[in-house]
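Okay, so the sequence shown: first residue is 1 according to UniProt numbering, each after it adds one. The block underneath contains the structure these notes are about, expressed in C-alpha cells.
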Amino acid sequence: MTLRLPTLMLGNFRRLAVPSFCRQINTLSGQDFPVKEMTLEVESVLVTGAAEGLGLEFVRQLARLPTPPQYIFAADINQRNLEIVKRVDFNPDRTEIVPLKLDVTIRRDREEVRKAVEELVGDMGLSLLVNTAGMAHIHQLRDLFGVFMEEHFRINCVGPVMLVMEMFPVLYQAAEYKSGVLPYMSASKAAVLHISPWSPFINDDDPMLFYEEEIAYRTSKVALHMAMRCLALNLTNLGVLALQMNPGNVKTTVGQYQIPSLRLQNPLEVSHSVSDMLKTLAQCGKSHQGAFLERNGDFIPF
Numbered sequence: 001m002t003l004r005l006p007t008l009m010l011g012n013f014r015r016l017a018v019p020s021f022c023r024q025i026n027t028l029s030g031q032d033f034p035v036k037e038m039t040l041e042v043e044s045v046l047v048t049g050a051a052e053g054l055g056l057e058f059v060r061q062l063a064r065l066p067t068p069p070q071y072i073f074a075a076d077i078n079q080r081n082l083e084i085v086k087r088v089d090f091n092p093d094r095t096e097i098v099p100l101k102l103d104v105t106i107r108r109d110r111e112e113v114r115k116a117v118e119e120l121v122g123d124m125g126l127s128l129l130v131n132t133a134g135m136a137h138i139h140q141l142r143d144l145f146g147v148f149m150e151e152h153f154r155i156n157c158v159g160p161v162m163l164v165m166e167m168f169p170v171l172y173q174a175a176e177y178k179s180g181v182l183p184y185m186s187a188s189k190a191a192v193l194h195i196s197p198w199s200p201f202i203n204d205d206d207p208m209l210f211y212e213e214e215i216a217y218r219t220s221k222v223a224l225h226m227a228m229r230c231l232a233l234n235l236t237n238l239g240v241l242a243l244q245m246n247p248g249n250v251k252t253t254v255g256q257y258q259i260p261s262l263r264l265q266n267p268l269e270v271s272h273s274v275s276d277m278l279k280t281l282a283q284c285g286k287s288h289q290g291a292f293l294e295r296n297g298d299f300i301p302f
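Below is the structure:
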C-alpha cells in the first residue's frame, strides 16, 4: 500500500521557512539532547553515495547495529561500484542489503528508487534517508565557468532536495507507522540526514580556510543548508526529523584529497566519523529540527 500525502500537507511543505524559525534554531545548544542515551532502531534506511567513503561506512555500521534495519537500500550513481556493497558483513537473517542505481540529479532514477523502496517496505515506510552523495571539483577563478557552478548546484543541492521530495510519501508513512510507539519526533521514527563534508561559514574570516578553488563547492553547500532549513520547517508538520551533520575532516575522495583547506588538517578515519554521527543521530529530536550539527552533537551556527 502506498500512502500519499494530504493536499494540505503538500501545500504546507511548499512554503518557505520564516525568519522566526531560523532564530529559534540558532538558540539551541547541546543541552537539548535527552539525558538518557538513546539507541538508533530503524526498520529501513536509504543511503546515497553508498559505494565508497562515508556512504559505504554508513551501510557497514547500520548493518552491525544491535537492532539492525530490516532493509538497507544502498544507492550509488555507478551500479558497478555497488559490487563492494555485497561484500559488507551482515546477518542475512536480520537484514537485507538492496543495491540500487541512483543519480540524484535524474528524475527517473529518483522515481525508480522510490518504487523499489515502496515495494519492499510496505506499510512500514522508509525510516531514514542518509544523503552522502556529493562532488567537489576544484577550479582556479580564471577557469571557473557557469557550467562548473551549475554542476555543483545540481549534485550538491538540487538533487538531494529533489530526492527528499520524491521520498516524502514513504518517510511520512514511516512517521505514521511508528506514531503509536514513538509519539515524539525521533531519528528512530522517520528522519532525513544530509552529510556536509565541512562547514562553509559565510562569516568566517580566517584566510587559511578560504581558497578561490572552492567557490563552486562552498556556494552549493551553503545553498543546501538553506534548502534543508526550509524543508525542515514543513517536515515538522509530518513528524519527520531533518538535519545536517558535519563528519569532520575525513579521509574520503570528497574532502581530504580534493578540498585544499582540508589538506592542512589531520584527517579522521571514516569509521570513527560515522560511528560518532550515528550515536549523535540517535539522540536527536524535535529541538534539533533543521539544525546543522558537528558529529559529536555540537550545534554549528549558520
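Even glycine gets a Cβ: it sits at the ideal position worked out from N, Cα and C. Predicted model only: the values in this text are computed from it and were never measured.
Margin query: Rounding to the nearest angstrom, what Cα-Cα distance links L171 and G146 in this structure?
Written below: Taking the sequence shown and counting its residues from 1, the one referred to as residue 171 is at position 171. Taking the sequence shown and counting its residues from 1, the one referred to as residue 146 is at position 146. Roughly 35 Å between the two C-alpha positions.
- Query: Are there 16 or more other CB atoms within 10 angstroms of the CB of T67, so buried, or fewer, so exposed?
  - Reply: As a position in the sequence shown, residue 67 is number 67, starting the count at 1. When all chains shown are included, T67 counts as exposed.
Check: What number of angstroms, rounded off, separates the C-alpha of Y71 from the C-alpha of G53?
Finding: The residue labelled residue 71 in the question sits at position 71 within the sequence shown. The residue labelled residue 53 in the question sits at position 53 within the sequence shown. Rounded to the nearest angstrom, the two C-alpha atoms are 20 Å apart.
Q.
Tell me the rounded alpha-carbon separation between Q283 and Y177.
A. Translated into positions along the sequence shown, residue 283 becomes position 283. Translated into positions along the sequence shown, residue 177 becomes position 177. Here the C-alpha atom of Q283 lies approximately 20 Å from the C-alpha atom of Y177.
Quiz prompt | Three-state secondary structure assigned by DSSP to I84 | solution = In the sequence shown, residue 84 corresponds to position 84, counting from 1. The answer is helix: DSSP assigns I84 an H, G or I state.
For a quick check, are the C-beta atoms of S287 and A190 less than 8 Å apart? Counting from 1 along the sequence shown, the entry for residue 287 is found at position 287. Counting from 1 along the sequence shown, the entry for residue 190 is found at position 190. Going by C-beta atoms, S287 is not nearer than 8 Å to A190.
- Of the listed residues R60, R295, D298 and M277, nearest to N91 (C-alpha basis): On the sequence shown, residue 91 is found 91 positions in, with the first residue counted as 1. That would be R60, whose Cα lies nearest to the Cα of N91.
If you follow the alpha helix (DSSP H) that D109 is part of, which residue opens it and which one closes it?
Translated into the one-based positions of the sequence shown, residue 109 becomes position 109. Residue range R107 to V121 is occupied by the alpha helix (DSSP H) that includes D109.
Q289 and L241 - do their beta-carbons sit closer together than 8 Å? By 1-based counting over the sequence shown, the position of residue 241 is 241. By 1-based counting over the sequence shown, the position of residue 289 is 289. Taking 8 Å as the cut-off, the beta carbon of L241 is found closer than this to the beta carbon of Q289.
Quiz item: What number of angstroms, rounded off, separates the C-alpha of G55 from the C-alpha of L82?
Solution: Here residue 55 refers to the residue found at position 55 of the sequence shown. Here residue 82 refers to the residue found at position 82 of the sequence shown. Rounded to the nearest angstrom, the two C-alpha atoms are 11 Å apart.
Check: Enumerated in chain order, which unbroken segments of the beta strand (DSSP E) with a length of 3 residues or greater are wholly contained in the segment 128–175?
Finding: Counting only runs of at least 3 residues, the segment 128–175 fully encloses the following beta strand (DSSP E) elements, listed from N- to C-terminal order: 128–131.
* To do: Assuming A63 and T95 form a contact by the criterion Cβ under 8 Å, report the distance between their Cβ atoms to the nearest whole angstrom.
  => Position 63 of the sequence shown holds residue 63. Position 95 of the sequence shown holds residue 95. Between A63 and T95 the beta-carbon gap is near 5 Å, inside 8 Å, which marks them as a contact.
- Query: So, C157 versus A227, is the Cβ gap smaller than 8 Å?
  - Reply: As a working mapping, residue 157 is identified with position 157 in the sequence shown. As a working mapping, residue 227 is identified with position 227 in the sequence shown. A227 sits close to C157, with the two beta carbons spaced by under 8 Å.
**Request:** Check the C-beta distance from L193 over to V130 and give it rounded, since I have them as a contact under 8 Å.
**Result:** Taking the first residue of the sequence shown as 1, we reach residue 193 at position 193. Taking the first residue of the sequence shown as 1, we reach residue 130 at position 130. Beta-carbon to beta-carbon, L193 and V130 are separated by about 5 Å, close enough to satisfy the 8 Å threshold.
N- and C-terminal bounds of the alpha helix (DSSP H) containing H225 = For the purposes of this step, residue 225 is taken as residue 225 along the sequence shown, with counting starting at 1. Start and end: I215 to T236.
Checklist line | When P69, E57, G49 and V47 are compared against T39, the one with the closest alpha-carbon | finding: Your numbering for residue 39 matches position 39 in the sequence shown. For the set P69, E57, G49 and V47, the Cα lying nearest the Cα of T39 is the one of P69.
The beta strand (DSSP E) enclosing H194, as first and last residue numbers
Counted from its first residue, the sequence shown places residue 194 at position 194. Unbroken beta strand (DSSP E) run through H194: A191 to I195.
Using the three-state DSSP reduction, which class does T39 fall into: helix, strand or coil?
In the sequence shown, residue 39 corresponds to position 39, counting from 1. In the structure shown, T39 sits in coil (DSSP, three-state: anything other than H, G, I, E or B).
Pick from I97, G122, P183 and E151 that is closest to G239, judged by C-alpha positions: Reading the sequence shown from its first residue, position 239 is the one you call residue 239. Comparing alpha carbon positions, the residue from I97, G122, P183 and E151 closest to G239 is P183.
Notebook entry, point to check: Going by beta carbon distance, what residues of the same chain come within less than 7 Å of F153, once the five residues before and after it are set aside?
Noted result: By 1-based counting over the sequence shown, the position of residue 153 is 153. S220 and A223, listed in sequence order.
- Item | Among L235, G49 and I77, the one whose alpha carbon lies nearest that of Q173 | Position 173 of the sequence shown holds residue 173. Here the closest residue by C-alpha is L235.
- Quick one: Cα of A50 to Cα of V98, how far? As a working mapping, residue 50 is identified with position 50 in the sequence shown. As a working mapping, residue 98 is identified with position 98 in the sequence shown. Answer to the nearest angstrom: the Cα atoms are 11 Å apart.
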